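All you need for my numbering is the position in the sequence shown, starting with 1, plus 8.
Backbone N, C-alpha and C fix where the C-beta goes; we use that ideal spot for every residue, glycine too.
The structure presented is a predicted model; accordingly, all values stated were derived computationally and were not measured.
Notes to accompany the following structure.
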Amino acid sequence: MLVVVLAALVPAVASAQNLEDVERQRKNLEADLDALVREQEDLAAQIALVEDELGHLEQRAGELTAEVERVNAALIERARSVYKNGFDQNPLALLITSGGPRDAIDKASMLETLARRDDAQLETAIALRAQLDQTEVLLEDRASELAGLEERMQASIAAVNDRLSRARLLEADLRERAARQRMIDRGVQAGIYACPVAYPVHFVDSWGAPRSGGRRHKGVDMMNPYGNQLYAFTNGRMSSMRSSSLGGISLYLWGDDGHRYYYAHLSGYAPGIFVGKRVEAGELVAFNGDSGNARGGSPHLHFEVHLWGGAATNPYPWVAAVC
């Protein structure tokens, strides 16, 4: 969809190679985002499974706790009974207090049965306690695993959001840059060009106008707000970045068309711009200002065109063709 939109914006401006670059960048970004989204969905599924398992483990732990408490209560009650009636469990006492030997045997048998039941309850309590301890350890491990999954999920979400933000910025930049580009073919001005100043901008043909010290104006003054964005006039390479008392903060762009372009009175350079960097027509390179001998006056870009890197020529027709 992005490629279709870009093609609609600049049907005769961007070269096929530029469109291929845009499409490849978009596809790479979409592939990265798809991979992150798939990972996010996988993590969500894992977390859902662990949460279900945690619910079952917590329920089982509750059941085991209740069972342990019930068996322990029964053992405590039995111990209290034995303590209160301990004399009756003495075999000699059973014989004396019974109705006879047969009755004593029956009472002894009953006590043996009770003792076995007490032993079974004790073993059950021990087994339940062990199960509960194991369940609590498993529960703790699962909770730790869940915390790790949630941490990975948050990291994944942050990565997706970061990629989305960068993708949207790239898409917006590509749209805007493509919209600024124009194919020009008029003699020595031949190639892809963009207005070097973001709107609003106003300029007139002042080529040759008198300047202080007997100088003549060798450029065009493009009036626009302080800090306004300034763009590469054409595809090329940043050949110089300097500062002087006359031009202030300035730069030279050596275009692929063989000509050199001069920007003066800047307030600063765009991030990532450096000498030797390749730039594309319409790409952000600097910001408008009033540095140099323009200090105190109206902010503007002083723009010059040097044919084949030599003598300056009137730049007004050049910028008028694209601005």
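Reference arginine 174, options Ala272, Asp40, Gly256 and Gln237, closest by Cα:
Asp40
Taking the straight line between their C-alpha atoms, what separation do you get for aspartate 42 and alanine 135?
50 Å
If you measure from the beta carbon of glutamine 142 to each beta carbon in chain B, is any gap under 8 Å?
The chain labelled as chain B is not found in the depicted structure, where only one protein chain is given.
Using 8 Å for Cβ pairs, my map puts glycine 235 next to histidine 225. What's the rounded Cβ distance?
With a Cβ gap of about 24 Å, glycine 235 and histidine 225 do not count as contacting.
Under 8 Å between C-beta atoms of leucine 172 and leucine 51
no
Under a Cβ-count criterion, where at least 16 other Cβ atoms within 10 Å of its own Cβ denotes burial, should proline 372 be classed as buried or exposed?
In the structure as shown, the chain begins at 9 and stops at 331. Residue 372 is therefore absent and cannot be evaluated.
Distance between beta carbons of tyrosine 207 and glycine 290, contact taken as under 8 Å
No, glycine 290 and tyrosine 207 are not in contact; Cβ-Cβ is about 13 Å, not under 8 Å.
Please state the DSSP three-state secondary structure of proline 323.
coil
Let me confirm a value: alanine 20 is counted as buried when at least 16 other C-beta atoms fall within 10 Å, else exposed. Which label applies?
Any reading at alanine 20 needs caution, since the residue's pLDDT is 33, under 50, leaving its predicted position unreliable; the model's value is listed next. Under this definition alanine 20 is an exposed residue.
Exposure label - asparagine 36; buried when at least 16 CB within 10 Å
exposed
For aspartate 334, does the count of other Cβ atoms within 10 angstroms reach 16, so buried, or fall short, so exposed?
In the structure as shown, the chain begins at 9 and stops at 331. Residue 334 is therefore absent and cannot be evaluated.
Cα separation between phenylalanine 95 and alanine 128?
With a pLDDT of 45 at phenylalanine 95, under the threshold of 50, the modelled position of that residue is not reliable, and the figure given next carries that caveat. Distance between the alpha carbons of phenylalanine 95 and alanine 128: 23 Å.
Quick check on DSSP: helix, strand or coil for glycine 333?
There is simply no residue 333 to check, as the chain begins at 9 and stops at 331 in what is shown.
In three-state terms, what does DSSP make of serine 152?
helix
Taking the alpha carbon of leucine 259 as the reference point, which residue from His273, Gln197 and Glu85 has its own alpha carbon closest?
His273
State buried or exposed for serine 251, treating a residue as buried only when at least 16 other CB atoms are found within 10 Å of its CB.
exposed
Looking at the secondary structure, which residues open and close the beta strand (DSSP E) in which isoleucine 200 lies?
197-202
Alpha carbon to alpha carbon, how far is leucine 178 from glycine 222? Give it in angstroms, no decimals.
47 Å
Please report how far the alpha carbon of glutamate 85 lies from the alpha carbon of glutamate 71, in whole angstroms.
21 Å
What three-state label does DSSP hand valine 209 in the structure shown?
coil
Exposure label - asparagine 169; buried when at least 16 CB within 10 Å:
exposed
Just tell me which of Tyr201, Ala82, Leu292 and Ser89 has its CA closest to the CA of alanine 180.
Leu292
Which value, in whole angstroms, describes the spacing of the CA atoms of leucine 7 and glycine 305?
Outside the shown range of the chain (9 to 331) lies residue 7, about which nothing can therefore be said.
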